[in-house]
Amino acid sequence: MEDRLGRGEQIILFLTRRGYGGFVSCLSCGYVVRCPHCDVSMTAHNEWYFDRQTGSRSARLVCHYCGYEQSLPRLCPQCGSRYIAVFGTGTQKLEQAVHKEFPKARVLRMDADTTKRKGSHERILSAFSAHKADVLVGTQMIVKGHDFPDVTLVGIVAADLSLNMPEFDAAERTFQLLTQASGRSGRAERPGDVVIQSYEPDHYAIAAAADADYESFYEREMSFRRMLSYPPVSRMLCLRMQSQDEELLDRTAEGLVERFGPGLSERGMTAIGPCDAVPFKVNDIYRKILYIKQVPHDIMSEERELFNFRELMGAYVSEISKGRVLVSYELF
182 MEDRLGRGEQ
192 IILFLTRRGY
202 GGFVSCLSCG
212 YVVRCPHCDV
222 SMTAHNEWYF
232 DRQTGSRSAR
242 LVCHYCGYEQ
252 SLPRLCPQCG
262 SRYIAVFGTG
272 TQKLEQAVHK
282 EFPKARVLRM
292 DADTTKRKGS
302 HERILSAFSA
312 HKADVLVGTQ
322 MIVKGHDFPD
332 VTLVGIVAAD
342 LSLNMPEFDA
352 AERTFQLLTQ
362 ASGRSGRAER
372 PGDVVIQSYE
382 PDHYAIAAAA
392 DADYESFYER
402 EMSFRRMLSY
412 PPVSRMLCLR
422 MQSQDEELLD
432 RTAEGLVERF
442 GPGLSERGMT
452 AIGPCDAVPF
462 KVNDIYRKIL
472 YIKQVPHDIM
482 SEERELFNFR
492 ELMGAYVSEI
502 SKGRVLVSYE
512 LF
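Each residue of the sequence shown is one higher than the one before, counting from 182 in the numbering used here.
Have a look at this one:
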């Protein structure tokens, strides 16, 4: 970065997590501050939270799923310890680190927090394109489809965060993101470099992205897909169920498998679940997932069969829950 700034070239730093820190935890007892409405930890932001009742202010904690906000507690709510701290790094903390290390550098940050106002997205990109900033720090929105001819260095921070998502295509999405981010460097006459920081540098998705080796990633990923019969080796229907009544949701999901399980097996289909979605609760609404897999022989006829089951299952859920469990679908 020091070399590129000295030559008047531009830099992009990419991190998939916004905010200041990833979570807040007590060093004494391990308590983690969680959102009361969602099954997730709250994220620290480098902003003030004003308590209207007491008139005091402290650091702001935000839930990135429902938007709930609260102050950063001074003492641990569970054990009363004062050793409660922010862990992890977000784009705000990364921006602050750049300012500290390179105080003369002009830095812009682009994430969901800086693009809330109408037109802010375009203003940030236009300013960076016009070379009114040296470093652009941001989340996924800065790495897709932008062409900045003076960018000769892209730094990807904590590249393996997306690898830990509970989805069968997490490695594929990680490879796509890293490839897209890498493509922002050296797009004009000046050669560019990409630096990938990772806790799992030997993971095949990260190693293949670093080498721009699509074929090796494809072969490795497809071997896992074939072994576990995941798309595109199979067709898979994902039923997402949600309700404000957790007990009703559990009963409905289990009843769905009991009612349709035998019919699925007879047609060579496999039901996986139901299992809790991640996160399980969002904005006081509980969520479950049921997967149905089928190895295709005749794609068109079997896709129709999956859709038929989808309609039957949807009607069953509506009847049993009296409309209090909602169902949505996704076909892979």
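For each residue, glycine too, the CB sits at the ideal point set by N, CA and C.
The model shown is predicted, which means the values in this text are computed figures rather than measured ones.
Query, Result
"E439, DSSP secondary structure in three states", "helix"
"Whole-angstrom C-beta distance between L196 and V338, which should lie under 8 Å", "4 Å"
"Element boundaries [alpha helix (DSSP H), containing D184]", "183-187"
"Extent of the continuous beta strand (DSSP E) to which L250 belongs", "With the sequence shown as reference, residue 250 is identified as Glu, and Leu is not the correct amino acid for it. Here the beta strand (DSSP E) through E250 covers 250-252."
"Continuous alpha helix (DSSP H) assignments of at least 4 residues falling wholly in the region 453-508", "480-502"
"Best match in T451, D465, E427 for proximity to K474 [C-alpha to C-alpha]", "T451"
"Minimum C-alpha distance to M417 - residue among S209, L437, R485", "R485"
"C-beta atoms of P330 and A369 nearer than 8 Å", "yes"
"Beta-carbon proximity check, Y249 vs V463, cutoff 8 Å", "no"
"Beta-carbon gap between C257 and S209 smaller than 8 Å", "yes"
"Beta-carbon proximity list for Y190, same chain, < 6 Å, skipping 5 on both sides", "As written in the sequence, residue 190 is Glu, which differs from the Tyr given in the question. Same-chain partners within the cutoff: D331, T333."
"Span separating the alpha-carbon of A266 from that of V498", "44 Å"
"Paired residues, beta bridge with M420 - DSSP", "One detail in the question is off: residue 420 reads as Leu in this sequence, not Met. L420 is bridged to L471, Y510."
"Same chain, Cβ closer than 8 Å to H280, neighbours up to 5 away in sequence not counted", "A286, V288"
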